[in-house]
Amino acid sequence: MARMLSIPTYADDRGELRVLQEIIPFKIERVYFIMGKPEFPRGGHRHKNTDQALISVHGSCIISNDDGEKKEEFLLDNPSKCLLVFRDDWHIMHSFSEGSVLLVLASTKYSQDDYIDDPYPDKEHSL
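Residue numbers for the sequence shown follow the working numbering, beginning at 347 and rising by one.
Here it is in structure tokens:
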């Protein structure tokens, strides 16, 4: 199940420093960022092996998450927030603010075989 972490922030007259050391619960194998457009969602998948940490370093976006049991929405609107999205979390990143930048830290290198594009079945309509 996805969960929100608070990134330690150190502030003084020079600005803010945010430190990720020892709060990400996996070894980081891939780093990328998404520069979203408000009208286009991203994601729409879960993974077989990859866990991720999502941080909106500029602007904001919403992460809609479904772990097969519970559906939740998370607002990432401050770089002190880090959303952990685990391999069983089917997620969509959407409602990007203009100029937003979403940083993604992933536990595996990219592999197309790691993606599961089908959402969980809607339990209200399952037999």
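We put the beta carbon where it would ideally sit given N, CA and C, even for glycine.
According to DSSP, is residue i helix, strand or coil?
i: residue 472; result: With a pLDDT of only 45 at residue 472, under the threshold of 50, the placement of this residue in the model should not be trusted; the figure read from the coordinates follows. Three-state DSSP puts residue 472 in coil, outside helix and strand.
i: residue 397; result: coil
i: residue 412; result: strand
i: residue 459; result: helix
i: residue 359; result: coil
i: residue 368; result: coil
i: residue 419; result: strand
i: residue 433; result: coil
Based on the DSSP output, what are the partners of residue i in its beta bridges?
i: residue 378; result: 450
i: residue 427; result: 352
i: residue 389; result: 438
Closest by CA to residue i, which one among the options?
i: residue 386; options: 452, 438, 458, 449; result: 438
i: residue 414; options: 435, 396, 452; result: 435
State the CB to CB distance for the pair residue i and residue j, rounded to an integer number of angstroms; the pair is presumed to be in contact (CB under 8 Å).
i: residue 433; j: residue 393; result: 4 Å
i: residue 448; j: residue 402; result: 5 Å
i: residue 406; j: residue 430; result: Actually they are not in contact, since the Cβ atoms of residue 406 and residue 430 sit about 18 Å apart, beyond 8 Å.
i: residue 388; j: residue 456; result: Actually they do not touch by this definition, with Cβ atoms about 15 Å apart.
For residue i, does the count of other Cβ atoms within 10 angstroms reach 16, so buried, or fall short, so exposed?
i: residue 352; result: exposed
i: residue 446; result: buried
i: residue 459; result: exposed
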